[in-house]
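Peer 1: Residue 63 is where the sequence shown ends in my numbering, and the numbering goes up by one at each step. Where a beta carbon is used, it is the ideal one built from N, C-alpha and C, also for glycine. Please read all numbers here as calculations on a predicted model, not as lab measurements.
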Amino acid sequence: MCGIVSCIGPSQAAPILLNGLSKLEYRGYDSAGLAVREGENKIRIVKAKGRLKESARSMRIWL
1 MCGIVSCIGP SQAAPILLNG LSKLEYRGYD SAGLAVREGE NKIRIVKAKG
51 RLKESARSMR IWL
């Protein structure tokens, strides 16, 4: 089972995505990941196991 959150627009995506993932947290998910476009051609991917609060620590570089 998975939950997917997406964001398209000029704003920084990571904070919006983390907020959306937090709304799904208590549905049994034990890992999280983000894929965010940086620049024209680079996609940055971060994945982490555990509750979102712990997983978000490895993603804080975007906040």
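1. Within 10 angstroms of the Cβ of ALA32, are there 16 or more other Cβ atoms? Answer buried if so, exposed if not.
2. Could you give the distance in angstroms between the alpha-carbon of LYS23 and the alpha-carbon of LEU34?
3. Suppose the cutoff is 7 Å on Cβ atoms and the five residues either side in sequence are ignored; what does the same chain contact list for ALA76 look like?
4. Check LEU63 in the structure and name its three-state DSSP category.
Peer 2: According to the data block:
1. buried
2. Our two residues, LYS23 and LEU34, have alpha carbons roughly 15 Å apart in a direct line.
3. Because the chain here runs from 1 to 63, residue 76 falls outside it and cannot be looked at.
4. For LEU63, the predicted model reports a pLDDT of 47, less than 50, meaning its position is unreliable; a value from the coordinates is still stated below. Three-state result, LEU63: coil.
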